[in-house]
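Student:
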Amino acid sequence: MPSPATSPVKAVLGPTNTGKTHLAVERLTAHASGMMGFPLRLLAREVYDRVVRIKGPGEVALVTGEERIMPPGARYLLGTMEALPVERDVAFVGIDEAQLGADPERGHVFTDRMLRARGREETMILGSASITGLVRDLVPEAEIVTRPRFSTLSYAGPMKLSRLPKRSAIVAFSAEEVYAIAEMLRRFAGGAAVVMGALSPRTRNSQVAMFEAGEVDYLVATDAIGMGLNLDVTHVAFASLQKFDGRRLRRLTIAEMAQIAGRAGRHQQDGSFGTIGQPQGGMTPEEIMAIEEHRFPPLASLFWRNPLPRFTSLDRLIGDLGQMPAHPSLRAAPEAVDLAVLRHLAGDIEVAARGRDSEAVERLWDVCGLPDFEQLGAEHHSRTVLKLWQWRTSGSGTIDAEWFARRLARLDDTDGDIDQLASRIAAVRTLCFIAQRGDWIADAAGWTEQTQALESRLSDALHAALAQRFVDRRLALLIRDAGQRNAALPVAVGHDGTVAVDGEAIGTLTGFQFKVDATARASDHRLLLAAAEKHLRGELARRATALAEGDGSALALVAEAAAPPRLAWNGTVVAALAKGTTLIQPSIQLEPALRRLDPPQVQAIAERLQRFVAEQLARHARPLATMGEAAGDLFTPPRVRALLAAMTDGGGLIERAAVDDQLAAMSAEERPQLRKLGLTIGTLDIFHPQLLKPEAVRWRAALLAAQQGGSIPPLPPHGAVLQKDGDATGLAVAGFRRCASGWLRIDMAEKLARQAHAARMQAAAPPTAPVASGDPHDAHHDEAGGDPHAPEPPGFAIDPALATSLGLDETARRALLASFGFRAVGDPALERWRWSGRKRAETRKRAKRGRKDARERGPRPNDAPSPRAKPAKAARPKKAKGGGKPMHDGPRPPRGDRAPRRGPSPHSPFAGLAALLAEARED
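Just so you know, we're using my numbering here: the sequence shown kicks off at 299 and counts up by one.
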């Protein structure tokens, strides 16, 4: 190490933003070797990265308390001031922020480096102009060079937090205050980056990278940013003007204010400073003028502590460390943490017993240099130091690896909140410091790798926690985007409809409807909607074109129960059906989201939906459209038109009882026109079978609900023919008829009616040819063993098999046959029926009124039997006309003297039925 007298020394002094550090780095890299000390690990890492880019990683070393990157052939060394190896022989030495020699805690270290660290060829002292006089006194051989500030720094006055300009740094002096300010900025500005001296370099760099990249517009920091950190800051705002310096709460000095305020405005860009409100009364005019004009009171002295104490005994060591300086510009440093721990351990019995062991005393002072990263205090911190000293002075002289591994494993947890993660990082920094000392623990390189890996994981987790708590990236993005009229941020719509602007989800796009992200605050909704309107125009136009020009496969009818009829595109509702001019021409009302599109797009979509409805009606409900066309055709007879109009309004179905009079009034030429349209004129209903199919039922229900302005009723399941219960309106729309306790589809009811009439006609028609065995009506009597000459029971039988297959019980079957006009006769067990004809609606109404009137009047007096009335004579059998024999109720037996009755014409519709009956008799 060259002597101070022979090494040229240059002191480059001046305010912030004068390029002092930049000049020193240039001089460092211009020499064959060199080293430079910095006040903060963060700043040392920043300059290390810069030199690595110039010289390469193999040429540059980094030495801090917790981190050591030492390539074998490294010629340039960057590090914290405490870790700087003063005795290293290098060509260049740089000492940054030399004015920190006035700091009570660490000032003696900066003073020592300024007095003793020298390069062979050049030494450069960097600092504030406030130490100019002290440099002249302490380093008289130094050449003093002053540099002006590159940009103007002006006072902007107090501001509200919400009024701060973008690219502002807010400075606070406690973690709690930093967190509170960052939380407020998150709420109305999208968040802020956080920089504190306690952060690991990895976390700090990640936070600064967010700010530098423009992801956030604000940075909240402690006074760590005043120590040479180069940031793109245009305004510095003080949230407080006082701080706790480890001993007391005091107001910042003008030099400290200027050091922090000087971070605003870099290079040729002007900067400003101010306060948040009026903390502690705000800045005084004298303070403002001094900062703007860079005029600060000179420092009167620097702190000093004997850098070369003797270790002959514990008392000698403590005495040397408390030695008073000889130079009048120096004063004794206050008791730092390392000295406080040493004094505390001096009272320990074991330590005092070995107080004259020079090696033990030297190792004790060595372990006292362990920084109190966890801020536990001298007494608590001394316990760890004592344990380390015991290991260092016994056995192999190394720390117990199992103890180290247990502590490391206990800290290997990336879960937790910000404070928990920060606490773990502080504890890991202690282990990092131990692992960096190669003579303290065995396999130091392996432990160093593990501790640094854990610190990196915890740092990443802490960065993520800080970003999650203090950064609303979506809001920050939208605020920035709102001020750019012609922004071209990338927009992506995911398969699930998630809309992301520049990778940040802002909501979901379902069809044409944008919905704000459910996790967004209510105050952010307007910004999110504005961003969606701005960035989704192209996507909405593309979807509108796809809908208007598509083939219709993506369109569908939404016929949900208790909901109005709607149309959907790709599963999303785009329109509703409403009352139109006719049932088969409903009005289409587009959803509000579609109505906000351009008018030509709205028109094209409306026309496409009209065509879709027409296509679907032609496919599934064509008979209904045909009825409507025929009802409006002037060439259709009036009676037919009236019936078809009633059926069209009813959705294609109508009860026959409601139009009996119209049917009766139709001529023989008019009825075939109904059958020509495919209508079934049934016993109870008039309908078209195609309209009873499931898809036709859905469309008819939708059309009826749209025309009535209501909701679609619950419909029966597809393919059902019998329902025990259900919604009466829905069952009626689907073509079901009430049948006792259930509902039967009308085409099945008509099938049963035709079966019953076929049985009636079979009973009335004689056999087409005689049966060889004799009387065809006696066969079943012979099989039953009955009397072949017994009279035939009254009425005729109707096979119940069809009704049973449909699921009808006996009660429902009898009620249905009764509605057809059939009446049960004789013994109920014989299941015999007689046709009495279906009463017309008016007849039923008159009979019902008559019965009601009779009940209201009660029995008449003359209705009672007279006491002189003669008993009624037994009824005689009716005689045939012309005085013949009495008539029999049963069928007349065939007469052998007459030729058999001629059967029906082979062209008659009953010829096939007669043939089937004849085959049955033969069987």
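Note that beta-carbon positions come from the ideal geometry of N, C-alpha and C, so glycine has one too.
Quick check on residue 1028: buried or exposed, where buried means 16 or more other Cβ atoms within 10 Å of its Cβ?
Tutor: Per the 10 Å Cβ criterion, buried.
Student: In the DSSP assignment, the alpha helix (DSSP H) including residue 817 goes from what residue to what residue?
Tutor: Taken as a continuous stretch (DSSP letters only), residue 817 belongs to no alpha helix (DSSP H), as it is neither H nor E.
Student: What number of angstroms, rounded off, separates the C-alpha of residue 392 from the C-alpha of residue 449?
Tutor: Answer to the nearest angstrom: the Cα atoms are 25 Å apart.
Student: How would you call residue 864, buried or exposed, if buried means at least 16 neighbouring beta carbons within 10 angstroms?
Tutor: Buried, by the Cβ-count rule.
Student: What residue range does the beta strand (DSSP E) around residue 420 cover?
Tutor: Residue 420 -> beta strand (DSSP E) spans 420 to 425.
Student: Are the C-beta of residue 934 and some C-beta of chain C separated by less than 8 Å?
Tutor: Any reference to chain C falls outside this structure, which holds one protein chain only.
Student: Taking residue 319 and residue 424 to be in contact with their CB atoms under 8 Å, please state how far apart those CB atoms are, rounded to whole angstroms.
Tutor: Contact flag correct, Cβ pair sits at about 7 Å.
Student: Name the two residues that bound the continuous alpha helix (DSSP H) containing residue 353.
Tutor: Start and end: 339 to 353.
Student: How is the alpha helix (DSSP H) around residue 622 delimited, first residue to last?
Tutor: Residue 622 -> no alpha helix (DSSP H), and no H or E assigned at all.
Student: Would you kindly work out how many angstroms separate the C-alpha atoms of residue 902 and residue 835, rounded to a whole number?
Tutor: Roughly 17 Å between the two C-alpha positions.
Student: Hey, how far is the Cα of residue 517 from the Cα of residue 380?
Tutor: Distance between the alpha carbons of residue 517 and residue 380: 28 Å.
Student: Could you give the DSSP three-state label for residue 1031: helix, strand or coil?
Tutor: Three-state DSSP puts residue 1031 in a helix.
Student: Compute the Euclidean distance between the alpha carbons of residue 1188 and residue 951, then round it to the nearest angstrom.
Tutor: Caution is warranted here: a pLDDT of 47 is assigned to residue 1188, below 50, making its placement in the model unreliable, and no coordinate value can be reported.
Student: Give the straight-line distance between the Cα atoms of residue 799 and residue 508, rounded to the nearest whole angstrom.
Tutor: Cα-Cα distance, rounded: 17 Å.
Student: Could you check where the beta strand (DSSP E) with residue 569 kicks off and where it finishes?
Tutor: Run containing residue 569: 569 to 574, per the beta strand (DSSP E) assignment.
Student: Which of the three DSSP states is assigned to residue 451 in this structure?
Tutor: Residue 451: strand per DSSP, three-state reduction.
Student: Label residue 602 either buried or exposed according to how many other C-beta atoms from any shown protein chain fall within 10 Å of its C-beta, with 16 as the threshold for buried.
Tutor: Classification of residue 602: buried, given that the 10 Å Cβ count is 16 or more.
Student: With residue 878 as the anchor, note down where its beta strand (DSSP E) starts and where it stops.
Tutor: Start and end: 870 to 880.
Student: Residue 1053: which of 981, 967 and 941 sits nearest, CA to CA?
Tutor: Of 981, 967 and 941, the residue nearest in Cα terms is 981.
Student: Assuming residue 500 and residue 757 form a contact by the criterion Cβ under 8 Å, report the distance between their Cβ atoms to the nearest whole angstrom.
Tutor: Confirmed, Cβ separation roughly 4 Å.
Student: Kindly give me the distance between the Cβ atoms of residue 365 and residue 666, rounded to whole angstroms, as I take these residues to be in contact under 8 Å.
Tutor: With a Cβ gap of about 21 Å, residue 365 and residue 666 do not count as contacting.
Student: Could you round the C-beta distance between residue 680 and residue 639 to whole angstroms and report it? I think they count as a contact, below 8 Å.
Tutor: Going by Cβ atoms, the distance from residue 680 to residue 639 rounds to 5 Å, so yes, they are a contact pair.
Student: Quick one: using the 10 Å Cβ neighbour count with 16 as the cut-off for buried, is residue 283 buried or exposed?
Tutor: For residue 283 there is no data in the structure shown, the boundaries of the chain being 299 and 1221.
Student: Between the region 398 to 411 and the region 625 to 643, are three or more C-beta pairs nearer than 8 Å?
Tutor: As far as the Cβ criterion goes, the region 398 to 411 touches the region 625 to 643, which means the pair count is three or higher.
Student: With three or more beta-carbon pairs closer than 8 Å as the criterion, would you say the region 933 to 951 touches the region 996 to 1010?
Tutor: Verdict: yes, contact present.
Student: Pull the bridge partners of residue 308 from the DSSP assignment, please.
Tutor: Per DSSP, 422 and 441.
Student: For residue 1168, which three-state DSSP category applies?
Tutor: Note on residue 1168: pLDDT 46, under 50, position unreliable in the model; the coordinate value appears next. It is coil, neither helix nor strand.
Student: Would you list the one or two residues that DSSP bridges to residue 802?
Tutor: Per DSSP, 799.
Student: How is residue 532 classed by DSSP in three states: helix, strand or coil?
Tutor: Coil at residue 532, not helix or strand.
Student: Among 1095, 498 and 443, which residue has its Cα nearest to the Cα of residue 749?
Tutor: Among 1095, 498 and 443, the Cα nearest to that of residue 749 is on 498.
Student: Strictly by DSSP, which residues pair up with residue 886?
Tutor: The partner list for residue 886 (beta bridge, DSSP) reads 875.
Student: Which same chain residues end up closer than 6 Å to residue 447 when comparing Cβ atoms and leaving out the 5 residues on each side of it in sequence?
Tutor: Cβ neighbours of residue 447 beyond the five flanking positions: 313, 315 and 316.
Student: Can at least three beta-carbon pairs, one atom from the region 673 to 689 and one from the region 706 to 721, be found at a separation below 8 Å?
Tutor: No contact exists between the region 673 to 689 and the region 706 to 721.
Student: Determine, using beta carbons only, whether residue 1012 and residue 1025 come nearer to each other than 8 Å.
Tutor: For residue 1012 and residue 1025, yes; Cβs fall inside 8 Å.
Student: Would you mind working out which of 1044, 1038, 1124 and 342 sits nearest residue 1031, comparing C-alpha positions?
Tutor: Ranking the options by Cα distance to residue 1031, first place goes to 1044.
Student: With distance defined between alpha-carbon atoms, name the residue in 329, 1092 and 362 nearest to residue 337.
Tutor: Answer by Cα proximity: 362.
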